[in-house]
Structures are given as structure tokens and as C-alpha cells.
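Residues in the sequence shown are numbered from 132 upward in steps of one, following my numbering. No residue lacks a Cβ here, since even glycine has one placed at the ideal position from N, Cα and C. Let me begin by presenting the structure, written as C-alpha cells, before commenting on it.
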Amino acid sequence: MVRILIHEGRTERAYDIYSRLLKERIVCLFGGIDDNVSSVVVAQLLFLQSESRKKPIHMYINSPGGVVTAGLAIYDTMQFIEPPIATWCVGQACSMGSLLLASGSKGLRHALPHSRIMLHQPHGGVQGQATDIAIQAKEILHLKTMLNKIYSIHTGKDVAILDIAVALEGENYGIE
Numbered sequence: 132m133v134r135i136l137i138h139e140g141r142t143e144r145a146y147d148i149y150s151r152l153l154k155e156r157i158v159c160l161f162g163g164i165d166d167n168v169s170s171v172v173v174a175q176l177l178f179l180q181s182e183s184r185k186k187p188i189h190m191y192i193n194s195p196g197g198v199v200t201a202g203l204a205i206y207d208t209m210q211f212i213e214p215p216i217a218t219w220c221v222g223q224a225c226s227m228g229s230l231l232l233a234s235g236s237k238g239l240r241h242a243l244p245h246s247r248i249m250l251h252q253p254h255g256g257v258q259g260q261a262t263d264i265a266i267q268a269k270e271i272l273h274l275k276t277m278l279n280k281i282y283s284i285h286t287g288k289d290v291a292i293l294d295i296a297v298a299l300e301g302e303n304y305g306i307e
């Protein structure tokens with residue numbers, strides 16, 4: 132972990148780089164989204180709201196996506212807290228990462244010039260008896276409908292358009 136020294140008067144404080152960024156209201160969502168990553172990001176968002184309900188939060192995203200339920204925990208927290216959230220794609224925002232990018236406050240969604248943004252339908256693998264497969268298929272279709280509605284709410288685009296989109300230019304789909 133990268134550590135930095137901050138000189139404050141006659142004292143020095145050592146911070147790991149992510150703690151120092153958090154002090155500046157910057158949350159980093161880098162890598163796959165799982166329950167561990169989600170719990171850290173949710174805690175950081177709640178902490179930053181407790182510090183100020185008005186100052187914006189900047190969330191930097193470089194993620195291939197991940198577990199839908201873990202991503203939805205972050206999404207719900209983003210919608211629950213009061214501070215505006217600026218989202219920044221650095222590298223890639225794929226799958227659940229793109230949903231979180233699109234969920235930033237309107238007018239505060241950004242992608243750096245060489246970033247990649249990708250939406251796709253949820254997928255999963257299942258095996259077992261026919262009834263088990265049918266239950267899982269129904270759940271995946273439910274998730275697809277829910278995620279498409281979330282994209283539509285935040286981008287202003289018709290769910291049918293988003294449903295067929297796979298690889299996108301962010302600004303063309305209302306992510307910026």
C-alpha cells in the first residue's frame with residue numbers, strides 16, 4: 132500500500148493513499164465488485180455523508196463489473212445519501228461498473244478520453260433439475276428488467292434501446 136506523509140505544523144501524519152483521497156471526498160472503486168468491495172464503498176459513502184450532506188463526493192470507477200447484489204448495495208446507497216456524486220470512468224466501467232457510472236448525479240458523470248464503457252445483459256450459469264434452471268432463468272430475467280429500468284431512469288433512454296446495447300459510447304447514451 133502506498134503511504135504518504137502530510138506535514139501539519141510541527142507534526143507529520145502518515146496516510147495510506149486511499150485514506151488520503153477519502154479525506155478529499157474521493158472514493159475509488161477499482162477492480163471487480165464483490166461483497167467485500169461493496170461493504171467498503173458503502174461505508175465510505177455513509178461516512179462522507181456524515182461529514183457533509185452538501186459537499187460533492189467524487190467516485191472514480193475502473194471496474195470490469197461483478198456481483199449484481201453487491202453492486203446494487205452501492206447503487207442504493209448512492210441514491211440514499213444526500214451529497215451529489217460525481218462519477219468518473221478511468222479505464223473501464225463494464226457491467227455493474229457502468230450502472231454505477233450512470234448513477235452519478237446528472238451533469239456530474241464523466242469518462243476520461245480512453246475509457247471504455249460497456250453494458251450487457253446479466254448472465255449466469257446454472258445446472259440441475261429443470262425446475263432449478265427455470266427458477267434461475269426467471270431471476271436473471273427479473274434482474275435484466277430491473278437493471279434496464281435503472282439505466283433508463285438515469286440516462287433518459289428508452290429501456291428497449293438499452294436492452295439491445297452491448298458496447299456503447301457513454302455520451303450517446305446519457306451517461307455523461
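In summary, residue 276 is exposed, with fewer than 16 beta-carbon neighbours lying within 10 Å of its beta-carbon over all protein chains present. Counting along the chain, the unbroken beta strand (DSSP E) around residue 147 starts and ends at 142 to 147. The continuous alpha helix (DSSP H) containing residue 267 extends over residues 261 to 286.
According to the DSSP assignment, residue 203 belongs to no beta strand (DSSP E) but to the alpha helix (DSSP H) extending over 199 to 211.
For the pair residue 269 and residue 257, the Cα-to-Cα distance works out to about 12 Å. With distances taken between CA atoms, residue 244 lies nearest to 220 out of 158, 220, 288, 152.
For the pair residue 197 and residue 163, the CB atoms are nearer than the 7 Å cut-off. Within the same chain, Cβ atoms closer than 6 Å to the Cβ of residue 228 are found at 192, 194, 196, the five residues on either side in sequence being excluded.
In the DSSP assignment, residue 223 falls within the unbroken beta strand (DSSP E) covering 216 to 225. Distance from the CA atom of residue 217 to the CA atom of residue 260, rounded to whole angstroms, is 45 Å. In the structure shown, the three-state DSSP call for residue 247 is strand. Residue environment for residue 288: buried (at least 16 other C-beta atoms within 10 angstroms of its C-beta). A residue is called buried when at least 16 other Cβ atoms come within 10 angstroms of its Cβ; residue 205 meets this threshold and is buried.
Residue 139 sits in a strand when the DSSP states are folded into three classes.
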